[in-house]
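Engineer: Shown below is the structure under consideration.
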Amino acid sequence: MYRYLERRLVDHLREFLRRAYGLEIANIVVEQPPKIEFGEYALPIAFELARKLRKAPRKIAEEIVAGVGVISGFEKFEVAGGGYINVRVSRAELAAELAADRSPAADVPAGKVLVEHSSINPNKAAHIGHLRNAILGDTFVRLLRFAGREVDVQNYVDNTGVQVADVVVGFLHMSPNGGKKSRPEIEALAAAPRFDYVCWDLYARVSQWYEEDKANQQARAQTLHAIEEGNNETAAIADLISVAVLRRHLETMDRLDIEYDFLPRESEILHLHFWDAAFTKLKESGVLTYEAEGKNKGCWIMRRAGTAKSETAESAEDAEIKEEDQKVIVRSNGTVGYVGKDIAYHMWKFGLLGRDFGYRKFYRYPNAHECWISTTDGERDHPHFGDVAEIYNVIDTRQAEAQNTVIEALRGLGHGEAADRYTHFSYEIVALTPRCAAELGYTLSEEDQGRSWIEVSGRKGFGVKADDLLDALIGAAAKEVDTRHPELSAPERSTVATQIAIGALRYFMLKFTKPSVIAFDFKDALSFEGDTGPYAQYAVVRASNIFRKGGFDPEAFCGRDAGGDAASRVSTEDFARHLAGESGNDIWGLWLAAAKTSHIVSQCIATTEPAYLAKHAFQLAQLFNTFYHRYPILTEADEGRKRFLLATAAVVRRELIRVLEAMGITVPPVM
């Protein structure tokens, strides 16, 4: 409701400014007063208008307060200081609407949104860095769906790249048990549990093998060529390995309740000639030019994103690109680089390529949701993917240049609107604290021991595998649950421990803002106190226990379809009485925070920053815990007051559950 009231306030204010001063103000800033007793909104608009109207800000503020008129849902406008306008809502009306779970229909933008996340190379086990990507992406998907958007979730699979080639080299030239492995032997290994762990170790060993003798890298080049060419034994082995590892990735992410709709593979981008179609368009439009001299002689290049064109050039063809500003898209040997294939892929995403994948079912989740994978032919009946209105790519900040190059290619092709709706959802890496690295058995130099964090390296086998982390978190939670709830059956305790552990991990990955490097440490991740997922889960469990002990149904106190809504059980007059004045301010702060869920979700989407949601969950949990200790609800003698307190607990419980669901966190029955 907070979001809708703010919109109503802005609309009325904009109309008044048009009527009174003949001004069209597109963006009206709305702030929050520093103290709740000052009101719910603060308007600094008078300061912005002072120069235009040539009046003192306070005088303008007084005119606005006198002339804006009555606005439904608002109680009072007051001038404060040198020209601020503090705005008070009708607490009783807002509480009644919130309790009944009534809010105006939101304006949902048309068109489907595509969120691409995870995109782990299918050559080894997923690690903690991949978990941050997947949790950020999955949470953003949940936020968009919370806001009413239709979303497709894609996980791009680079199954023809050098990382897969290196693992193939390892199996064919230096396999774990020595000697060359045949295809049947590799198939047997791939069918065993956690094949991705075998590949993790092998990938690190291959990297060392290359360093031992540079001539060994010839095996990489030959293998990579064979994989890209396809229809040969090496390509078949690469496909076998990448598919087996991909299944393990899906199983790992499924433990976190992360699902995908479609898995587009690079092999199909090559074999279905996506790049050929894109290459033709890029050359015809002048986005790509052929370089006849210099270090990039024989290459097809485009201008590196962020570099300026010559002001004297009359056309794209006339604009020479300085050597340092050249981005190679097609190498002199005719092979296309990663960015070129990515341009073709994103043209497909927006429906601009004129080609499509073949599709077949690949993975069925426990809830029966089907995940599809690209193929060269595929099944006739399949969901429609691509042709989307907006794209969000969850990729770490190190890929910023490549992402910007794709965006500039779209602009150069004349698709400026598509480029504007392409968002690089950028974030920083997950590293290890020196203490964590030492706990994992890694040998650290004296210099490393003094660092704040140490970067994960798959080539060195340096990092925390995702499944190992999940197992450790669940094991730690299980010890607590077993001690506190011996009355539960073993399966019940296991389920509770898993919910707590997943809540702890997802919250830990979300509470840091995207530009923050996460220095991972087991002690911090395993903490269940303070600003953590379990702390927020416990607030919901506490609220549920109130209703369980009292024999009440929390749904009866909130929700329009729960046997009569809470607004009829707690009258508007009762809301007004219990939320009035200084005595009602602390409880009103809790109601106001609960009213902000949709507002926070919109903020998270607009800024692509899910950390705001974690902050909101923590604030709600803190405020509720204060309320819980201050007001003994079930022993309250005044029945009207008791209903009001129960309604307060029910509404906060409902909103916390919603917030945690948007974060991918479920609430166990006990803690």
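Count the sequence shown with our numbering and you get residues 7 to 677, in order. Glycine included, C-beta positions come from ideal geometry on N, C-alpha and C. Predicted, not measured: the structure shown is a model, and the values here were computed from it.
1. If distances are taken between C-alpha atoms only, which option among HIS584, ARG465, ILE141, ILE552 comes closest to ILE264?
2. For GLU122 and VAL147, I'd like the C-alpha separation in whole angstroms.
3. Could you check whether TYR296 and TRP306 sit closer than 7 Å to each other, using their CB atoms as the reference points?
4. For PHE528, does the three-state DSSP call read helix, strand or coil?
5. For ALA101, is the classification buried or exposed, using 16 other Cβ atoms within 10 angstroms of its Cβ as the cut-off for buried?
6. Per DSSP, which one or two residues make a beta bridge with GLN224?
7. Quick one: Cα of LEU150 to Cα of ASN631, how far?
8. Mapping DSSP to helix, strand and coil, what is GLN169?
9. What separation, rounded to the nearest whole angstrom, lies between the Cα atoms of ALA620 and GLY670?
10. Going by Cα to Cα distance, which pick from VAL173, THR166, HIS375 is closest to HIS231?
11. Which whole-angstrom value describes the C-beta separation of LEU246 and ILE192, a residue pair presumed to lie in contact below a C-beta threshold of 8 Å?
12. Report the three-state DSSP secondary structure of ARG386 (helix, strand or coil).
13. Does ILE379 come out as helix, strand or coil in the three-state DSSP assignment?
14. Between the alpha carbons of VAL665 and GLY509, how many angstroms are there, rounded?
15. Taking buried to mean at least 16 other C-beta atoms within 10 Å of its own C-beta, is GLU645 buried or exposed?
16. So VAL412 and ILE480 are in contact, right, with Cβ under 8 Å, and what is the actual spacing, rounded?
17. Tell me where the beta strand (DSSP E) around ASN92 begins and ends.
18. Taking the C-alpha atoms as reference points, what is the distance between PRO638 and LYS471?
19. Just confirm the distance between the C-beta atoms of LEU596 and LEU629, as a whole number of angstroms; I'd bet it's less than 8 Å.
20. Using a 10 Å radius around the Cβ and a threshold of 16 neighbouring Cβ atoms, would you call SER273 buried or exposed?
21. Is it true that the CB of VAL93 sits closer than 7 Å to the CB of TYR47?
22. Exposed or buried, which one is SER574 when buried takes at least 16 other CB atoms within 10 Å?
23. Is it the case that the Cβ atoms of HIS622 and ILE611 are separated by a distance below 7 Å?
24. Determine contact between the stretch 512 to 524 and the stretch 532 to 543, defined as no fewer than three beta-carbon pairs at a distance below 8 Å.
25. Could you check whether ARG554 and TYR634 sit closer than 7 Å to each other, using their CB atoms as the reference points?
26. Might you give, ordered along the chain, the residues of its own chain that have their beta carbon closer than 8 Å to the beta carbon of ASP158, omitting 5 neighbours on each side?
27. Could you compute how far the alpha carbon of PRO675 sits from the alpha carbon of GLU667?
28. Distance, Cα to Cα, ILE91 vs ALA62?
29. Taking the alpha carbon of ARG636 as the point to measure from, which residue in LEU651, ALA444, GLU414, PHE177 has its own alpha carbon closest?
30. Within 10 Å of its beta-carbon, does GLN455 have 16 or more other beta-carbons around it, so buried, or fewer, so exposed?
31. Going by DSSP, what residues sit across from HIS133 in a beta bridge?
32. Starting from PHE633, trace the alpha helix (DSSP H) in both directions and tell me its first and last residue.
33. Quick check on ILE639: does DSSP put it in helix, strand or coil?
34. Tell me whether SER574 sits in a helix, a strand or coil according to DSSP, three-state version.
35. With 16 other CB atoms within 10 Å as the buried threshold, where does GLN224 fall?
36. Can you look up LEU49 in the DSSP assignment and give me helix, strand or coil?
Structural biologist: Working from what's here:
1. ILE141
2. Going from the Cα of GLU122 to the Cα of VAL147 covers about 10 Å.
3. yes
4. helix
5. buried
6. Looking at the DSSP assignment, GLN224 forms no beta bridge with any residue, so it has no partner.
7. 29 Å
8. Looking at GLN169 - three-state DSSP - the assignment turns out to be helix.
9. 11 Å
10. THR166
11. 6 Å
12. coil
13. Correct three-state label for ILE379: strand.
14. Per the coordinates, the alpha-carbon of VAL665 lies some 12 Å from the alpha-carbon of GLY509.
15. exposed
16. VAL412 to ILE480, Cβ: 39 Å. No contact.
17. Here the beta strand (DSSP E) through ASN92 covers 90 to 95.
18. Approximately 46 Å, taken between the alpha carbons.
19. Their Cβ separation, rounded to whole angstroms, is 5 Å, which keeps LEU596 and LEU629 in contact under 8 Å.
20. buried
21. yes
22. Low confidence applies here, because SER574 scores a pLDDT of 43, under 50, leaving its location unreliable; read the following figure in that light. So SER574 ends up on the exposed side.
23. Inclusion of HIS622 and ILE611 in the CB contact set at 7 Å is not warranted, their separation being larger than that value.
24. Yes, the stretch 512 to 524 is in contact with the stretch 532 to 543.
25. no
26. LYS118, VAL119, LEU120, VAL121, ASP267, PHE268, PHE391, VAL394
27. The alpha-carbon of PRO675 is positioned some 15 Å away from that of GLU667.
28. 14 Å
29. LEU651
30. Exposed, since its Cβ has fewer than 16 Cβ neighbours within 10 Å.
31. LYS471
32. 617 to 636
33. coil
34. With a pLDDT of only 43 at SER574, under 50, the local geometry of the prediction cannot be trusted, and no value is derived from it.
35. Exposed is the call here.
36. strand
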